[in-house]
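Protein sequences, first through last, are from chains V and W.
Numbered per full-length UniProt numbering, the first sequence spans residues 1 to 202.
Numbered per full-length UniProt numbering, the second sequence spans residues 1 to 494.
Remarks on the structure that follows.
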Amino acid sequence: MEKISTLTGTIVPLERSNVDTDQIIPAVFLKRVTKSGYEDALFHSWRQDPDFVLNQEPYAQGGVLVVGHDFGTGSSREHAVWALRDFGFSAVLGPRFGEIFRGNAGKQGLLVGQISEHAMEALWAVAKASPGAEITVDLEARTATADGVTHDFQIDEYTRWRLLEGLDDIALTLRDEASITAFEAQRPSWMPTTQPVREGTL
Amino acid sequence: MGKTLAEKVWDDHVVAKGEDGAPDLIYIDLHLVHEVTSPQAFDGLRQAGRQMRRTDLTVATEDHNTPTLEIDKPIQDPTSRKQIDTLRTNASEFGVRIHSLGDKEQGIVHLVGSQLGLTMPGITVVCGDSHTSTHGAFGAMAFGIGTSEVEHVMATQTLPLKPFKTMAINVEGELRPGVTAKDIILAVIAKTGTGGGAGYVFEYRGSAIRALSIEGRMTICNMSIEAGARAGMVAPDETTFVYVKDKPHAPQGADWDAAVEYWKTLPTDDDAVFDNEIFIDANELEPFVTWGTNPGQGASLSGEVPAPDSFADPTDRAAAERALEYMDLQPGTKLKDIPVDTVFIGSCTNSRVEDLTAAADIIRGQRKADGVKVMVVPGSARVRLEAEALGLDKVFKEFGAEWRFAGCSMCLGMNPDQLAPGERCASTSNRNFEGRQGKGGRTHLVSPLVAAATAIRGTLSSPWDLQAQEPETQNTTPEEMQIAELPQQPAEEA
Ligand code: SF4
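Here's what the structure looks like:
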C-alpha cells in the first residue's frame with residue numbers, strides 16, 4: 001500500500017444519501033476473478049443515465065468523492081471499495097458510513113473521512129459553483145481544504161496510522177520478516193513440501 | 001498443567017507472540033489452493049508487486065467448477081471456464097504446483113493434500129475453503145480462510161490469529177454395524193447446533209474415534225465447521241502413521257523415524273484441561289439423517305419429522321417451521337417414508353475409497369429403485385482409479401448408477417451437477433442449506449450406507465431396512481483389476 005499523507009483531487013459531488021453497496025456495485029459483477037478492473041461496474045445502473053455526475057466531464061476521472069449520509073451500507077462486498085479505487089477515487093468524505101465498508105476501505109488504502117453536515121453542504125456548493133474545483137485532504141492534520149476553507153474530518157487512529165505508514169496487513173506482518181526467517185530455519189527436515197513433485201504410483 | 005493436542009500444535013507454530021491482546025503470528029506449513037477463492041489473492045500479490053514466499057508449501061487443484069462428465073471437452077459455462085483458466089495462468093506465473101482436470105492427482109482440494117501424503121500430524125494447513133477442517137483427522141490444525149487471508153499466506157506463509165478455545169468431543173463405545181462416522185458427526189451437530197462450536201477447536205476423542213479409520217476421521221473432522229467450530233482434530237496414532245507411511249510426500253528413512261517420534265508427543269496430556277466437553281454414547285447411535293435446512297436439524301432415521309412446536313427455543317421453532325416449508329415435509333411423517341428423486345454419493349465428506357466400497361457392498365447385485373437417479377462421484381481422480389481397480393465402477397453401473405469423474409459435483413450448485421427446483425436428494429455431502437445443491441433443491445444429509453440403502457428402496461432407508469428383503473448377493477468381484485485410462489488433458493491447455 002502507498003503511504004498517504006496529503007491527497008489532492010477534483011471534488012466529485014454525489015448528492016445522495018443511503019447509497020448501499022448494491023448501488024455501488026451490483027452483485028452480477030462479483031463473479032469476476034480479479035481484484036482490479038471494476039471501474040466499469042461502479043454505480044453501474046446509475047451510469048446508464050447520461051446526466052449522472054460521473055458521466056459529466058470534470059468528474060469522469062474520479063478524485064475525492066463527497067457523499068451524503070450512510071454511504072456504503074448493506075452487503076459486505078469488498079468489491080465496492082475496489083470499484084471506487086479502480087475508477088480513480090483516492091478518498092471519500094461524508095457525514096456517516098456503513099461500518100463494514102469503512103473497514104474494507106481501510107484495508108485497501110481508500111481514505112474514508114467523516115465530515116460534518118455543514119462541510120458536506122459547503123463542498124457540494126464549491127463543486128457546483130466551480131465544477132472541477134480541487135480539494136486537498138491532509139491525513140496528518142485530519143483536514144480537507146477547498147476554495148480556501150478548511151474543514152476537519154475524523155478517521156479512527158489505527159486506520160490513520162496504517163494509511164500514513166502505507167501498511168496493509170501483509171506489510172505489517174512483513175515487519176516480522178526476521179522472525180519468519182528464523183522460524184523457517186528451525187523447521188524439521190521432514191515437514192511436507194509440495195516441490196519437487198513426488199507422484200504416487202497406482 | 002499439561003497441554004491439549006491443539007495447544008501443542010499451536011505453540012509449535014508461533015512465529016511471534018502477540019503482545020497486549022494482539023494476535024499471534026502463526027506459521028502455515030501447507031497451503032491448498034483452488035480456483036474459486038484464489039484469483040483476487042493472486043491479483044493482490046500482483047498489484048503490490050509481491051512474490052509468493054513458499055511455493056514449495058503450496059499446491060493447487062481444480063474442483064468446484066469442474067464438470068464430472070466429458071472432462072476432455074472445454075468447460076461449457078464461461079464463468080466456470082474463466083475461473084479455472086485464471087487458476088492455471090496464476091499457477092504458472094507464480095510457480096505453484098497445480099493438478100488440473102485430467103491429471104491423476106486432480107480432485108476435491110481436501111482429498112488431494114491427504115492422498116499425496118502432504119497432510120500429516122502436527123502441521124498447520126489452510127485453504128480458502130471452510131472444509132479444510134477435514135485435515136484435522138491426521139492431528140493437523142487445519143482451517144478455512146478468506147481471500148484476504150489467502151493472499152496473506154501467499155505473501156508471508158503466516159497468519160495473525162488469536163488463540164482458539166478447546167472442546168473435547170468424547171465418543172465412547174462401539175458403533176453398531178450400519179452406523180458410521182457420518183452418523184457420529186451428524187449426531188454431534190444435532191447436539192451442539194450450528195453455532196455451538198463457535199470459537200472452538202474440537203478434539204474428537206474416545207474409543208469410538210480410535211476405532212475409526214483415517215477416512216472415517218476425515219468425515220468427522222470435515223463437518224466440524226457445520227457445528228461452527230474453526231477446526232476439528234483427532235490425535236495421531238498407529239492408524240495415522242500406517243496411513244501416511246509411503247504416501248508420495250511422506251517423510252522417508254531417518255526423517256520418518258524422527259517424524260513419528262515427534263508425532264507421538266502430540267496427543268493431549270492426561271492432565272490437560274479443555275474449555276468445554278460433550279459426551280456421545282456410540283452404542284446408542286443409529287443411522288442419522290437431516291430433515292431440515294441446516295446440518296443441525298437431524299434425527300435418527302427411525303424417527304419422524306419433528307413438529308416445530310416441539311422446540312422450546314422460539315428461534316429454533318421458527319427455523320424448523322421455515323425449514324419444513326422449504327423441504328415440503330409434514331410433522332409426524334416417518335423419515336423412512338420420505339421418497340427421494342436423487343441419491344448423491346460424493347463430496348469431501350464421503351467420497352473416498354472406503355465410502356465407495358461401503359456403498360458398493362450394500363448395492364452389489366441389486367437394481368436401484370425405479371425413477372431414482374443415482375450419482376457416484378469419486379472425490380479425486382486417484383480415488384476413481386483405485387475404485388475401478390477394485391471393480392467398484394462395475395458394481396455401481398450394474399446397479400444403475402452413474403459413475404462420474406472427480407470433483408465437488410453436486411455438493412454445491414457451481415458446476416453442471418445440480419438438482420432441479422423441488423427435487424429431493426439423499427446426499428453424502430455436508431450442507432443442506434436452501435439451494436445448496438441447486439436452486440429449490442431439497443437435501444437430506446446421510447452416510448454412504450444410508451445413501452445406498454435409499455437408492456435401493458427409493459425412500460430414506462438404512463442398511464437395517466434391507467435385511468428382511470435382501471436377495472442373495474452375487475458378489476460380482478471382477479476377474480480383472482484393470483486400471484482405466486484417464487482422458488488426456490483438455491486440448492486447450494496444451
Ligand atoms: S465437496 Fe463440497 S464442501 Fe467439499 S470442497 Fe467441494 S464444494 Fe466444498
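Note that beta-carbon positions come from the ideal geometry of N, C-alpha and C, so glycine has one too.
Would the beta-carbon of Cys408(W) be found less than 8 Å away from any heavy atom of the ligand SF4?
yes
Anyone know if the C-beta pair for Asp282(W) and Thr290(W) falls short of 9 Å?
The residue you asked about is not Asp; residue 282(W) is Ala in the sequence shown. Against a cut-off of 9 Å, the Cβ pair of Thr290(W) and Ala282(W) comes out as no contact.
State the Cα-Cα distance for the pair Val112(V) and Gly9(V), rounded to the nearest angstrom.
14 Å
With which residues is Asn276(W) paired in a DSSP beta bridge?
Met167(W)
Quick one: complete beta strand (DSSP E) runs, 3+ long, within the stretch 96 to 142 of chain V?
111 to 114 and 134 to 138
Which first and last residues belong to the alpha helix (DSSP H) in which Arg162(V) is found?
Glu157 to Glu165
With a threshold of 9 Å between beta carbons, is Leu172(V) in contact with chain W?
yes
Could you please give me the residues that DSSP links to Met375(W) through a beta bridge?
Phe344(W) and Glu402(W)
Assign Tyr27(W) to one of two classes, buried (16 or more other C-beta atoms within 10 Å of its C-beta) or exposed (fewer than that).
buried
Taking the DSSP output, what are the residues bridged to Val67(V)?
Leu14(V)
Give a yes or no on whether the C-beta atoms belonging to Pro248(W) and Gly72(V) are separated by under 9 Å.
no
Quick one: give me the first and last residue of the beta strand (DSSP E) that Leu32(W) is part of.
Leu30 to Val33
I need the boundaries of the alpha helix (DSSP H) containing Asp11(W), first residue and last residue.
Leu5 to Asp11
Asp20(W), DSSP secondary structure in three states:
coil
For the ligand SF4, is there a heavy atom less than 8 Å away from the beta-carbon of Arg53(W)?
no
Counting beta carbon pairs with one atom in the stretch 117 to 127 of chain W and one in the stretch 193 to 206 of chain W, are three or more of them shorter than 8 Å?
no
Across which residues does DSSP place Leu334(W) in a beta bridge pair?
The sequence shown places Lys at residue 334(W), rather than the Leu named in the question. DSSP lists Glu304(W) as partners of Lys334(W).
Using the C-alpha atoms, what's the distance from Leu87(W) back to Pro306(W)?
45 Å
Distance cutoff 9 Å, beta carbons only. Does Arg50(W) sit that close to anything in chain V?
yes
Looking at the secondary structure, which residues open and close the alpha helix (DSSP H) in which Phe87(V) lies?
His79 to Phe87
How should Trp161(V) be labelled, buried or exposed, when 16 other C-beta atoms within 10 angstroms of its C-beta is the threshold for buried?
exposed
Taking the C-alpha atoms as reference points, what is the distance between Lys439(W) and Gly166(V)?
44 Å
Spatial neighbours of Lys3(W) in its chain, beta-carbon cut-off 8 Å, leaving aside the 5 residues before and after
Asp11, Thr268, Asp269 and Ala272
Measure the CB-CB distance between Val395(W) and Ala426(W) and report whether it falls below 9 Å.
no
Report buried or exposed for Gly113(W), applying the criterion of at least 16 other Cβ atoms within 10 angstroms of its Cβ.
buried
Looking at chain W, which residues of the stretch 101 to 121 of chain V have a Cβ within less than 8 Å of any of its Cβ atoms?
Lys107
If you drop the 5 nearest sequence neighbours on each side, which residues of the same chain put their C-beta closer than 7 Å to that of Gly303(W)?
Leu335
Using a Cβ-Cβ cut-off of 9 Å, state whether Glu284(W) counts as contacting chain V.
no
Tell me which residue opens and which closes the alpha helix (DSSP H) that Thr147(W) is part of.
Thr147 to Thr156
What residues are listed by DSSP as bridge partners for Val14(W)?
Ile26(W)
Just the Cα atoms here: how many angstroms apart are Asn294(W) and Lys3(V)?
45 Å
Looking at the structure shown, is Thr145(V) part of a helix, part of a strand, or coil, going by DSSP?
strand
Using a C-beta to C-beta distance shorter than 8 Å, which residues of chain C count as neighbours of Arg97(W)?
Chain labels in this structure do not include chain C; the protein chains are V and W.
Would you kindly work out how many angstroms separate the C-alpha atoms of Pro471(W) and Lys191(W), rounded to a whole number?
Only weak support is given to the placement of Pro471(W): the predicted model assigns it a pLDDT of 42, under 50, and the value that follows is read from those uncertain coordinates. Distance between the alpha carbons of Pro471(W) and Lys191(W) is about 37 Å.
So for Tyr59(V), helix, strand or coil by DSSP?
helix
Which residues mark the beginning and the end of the alpha helix (DSSP H) in which Cys221(W) is found?
Ile214 to Asn222
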